Amino acid sequence: MAKKTSIRKVPPKIAGKLMFKSDSQCCVCQKKGDHIHHLAGRVSNDLDNLALLCYEHHNQASLTGTLSKKLSKEAIINYRDHHYKVIANKRQKALNAFRTPIFKLDEEILLTANKNAIIILEIAKIKEDFWEADWDNRAEILSNISKFSDHSNNRIAFEVFEFLEDITCQTRANMPYRMAIAIYFYILNFFPVFYYKKEKAKTMEIAHLAVHIGHNMAYDATIHLRNLAVAQVGLTVLKFMYRTAKQSEVPELIKMVNHAYDELERTLKRPERNDLENALELVKVFRNDLNEWDLAFPPLPKHLEDIVNIDCLK
Ligand SMILES: [Zn+2]
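Following this note's numbering from start to finish, the sequence shown increments by one per residue and tops out at 799.
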């Protein structure tokens, strides 16, 4: 048997280090630790030889006279080293939280939120003026939204597209061709990019509105307004969405545009109307043109071109 070299009790400086590393917890059960245990007996006060334990686990570790201790030295070392890592990680995390510039981030978010709120209020005012005016003055009132295009984001674009959708619900109430063109122009200006994957859902909502806008215009202009020039613009909005969908690889959006076309064609074939042949032909010309990259109106047969030339003056 090796000579028993008992050493003095653990010096306060080392005890303090041990308490800190263990966060004052028993390394086995994480209850309050109150016994400093010497793993290899009282041969050394090195931290390697020490572990902080609670009363119960210290008892289990210290039982002698049995063939195997309930809590072996090796087990305590495993518990202890794991516990040290957990405590160290927790502390590092807390430090990292302070290093992350959360205050700067909050400031940016607040700034955007404030800017959005101001712009949304301004758009509400423009809407109010718009609905009080007649078509002669509406284009000019609507042009006030252009100044926000440089500050646009998904939130602002959503607001603008909702407004444009409301307007196109009134296509049948004599929407002039220049208003249709203005709406198309704002769609091109405000439609966001699909580039940011995490914002895709929001962009999809705006895309939905854009498809409705194109469909509303084409539907109302062919069925009710009988203005093929306005219908052309609605169909071009659909083409813009189709092109965007292909470019950004959004198959559900391609499906949506095709669905809008199916519905248009079905409606224009209704048996009780025999005056929709030209409109149906126009829709078919535009549908055949969907895969052409250019957003310019496709060339029309002479008889349709003559109608459009008259309608665009309305
Ligand atoms: Zn314990």
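Each residue gets a CB set at the ideal place from its N, CA and C atoms; glycine is no exception.
A quick note: this is a predicted structure, and the numbers were derived from the prediction, not measured.
Three-state secondary structure assigned by DSSP to I521: Mapped onto the sequence shown, residue 521 falls at position 36. The answer is strand: DSSP assigns I521 an E or B state.
Taking Cβ positions, are R663 and D705 nearer each other than 8 Å? One-based indexing of the sequence shown puts residue 663 at position 178. One-based indexing of the sequence shown puts residue 705 at position 220. Cβ atoms of R663 and D705: not closer than 8 Å.
Exposed unless 16 or more other CB atoms sit within 10 angstroms - verdict on S507: Against the sequence shown, residue 507 aligns to sequence position 22. Answer is buried; the Cβ neighbour count reaches 16.
beta-carbon V513 near ligand 1 non-hydrogen atom, thresh 7 Å: As a position in the sequence shown, residue 513 is number 28, starting the count at 1. For ligand 1, at least one heavy atom lies less than 7 Å from the Cβ of V513.
Does DSSP put L537 in a helix, a strand or coil? Stepping through the sequence shown from its first residue, residue 537 is reached at position 52. DSSP places L537 in strand when its eight states are reduced to three.
By Cβ distance below 6 Å, which residues in the same chain neighbour A714 in space, the five residues on each side in sequence not counted? Walking along the sequence shown from the start, residue 714 turns up at place 229. Around A714: Y662, V793, D796, C797.
Out of N776, L753, P756, which one is the CA nearest neighbour of Q732? Walking along the sequence shown from the start, residue 732 turns up at place 247. Residue N776 holds the alpha-carbon nearest to the alpha-carbon of Q732 among N776, L753, P756.
Return helix, strand or coil for Q510, following the three-state DSSP convention. Indexing the sequence shown from 1 puts residue 510 at position 25. In this structure, Q510 counts as strand in the three-state DSSP scheme.
In the structure shown, what three-state DSSP assignment does F675 receive? Locating residue 675 in the sequence shown gives position 190, counting from the first residue. Reduced to three states, the DSSP call for F675 is helix.
Distance, E737 Cα to L765 Cα: On the sequence shown, residue 765 is found 280 positions in, with the first residue counted as 1. On the sequence shown, residue 737 is found 252 positions in, with the first residue counted as 1. If I take the Cα positions, the gap works out to 25 Å.
Would DSSP call I739 helix, strand or coil? Here residue 739 refers to the residue found at position 254 of the sequence shown. I739: helix per DSSP, three-state reduction.
Within the same chain, show all residues whose beta-carbon is closer than 6 Å to that of P783, passing over the 5 residues directly before and after it, in chain order. In the sequence shown, residue 783 corresponds to position 298, counting from 1. Close CB contacts of P783 within its chain, under the 6 Å cut and outside five residues either way in sequence, are with V770, D774 (chain order).
Would you say the beta carbon of K516 comes nearer than 7 Å to a heavy atom of ligand 1? Counting from one through the sequence shown, the residue named residue 516 turns up at place 31. Checking every heavy atom of ligand 1 against the Cβ of K516, one is found closer than 7 Å.
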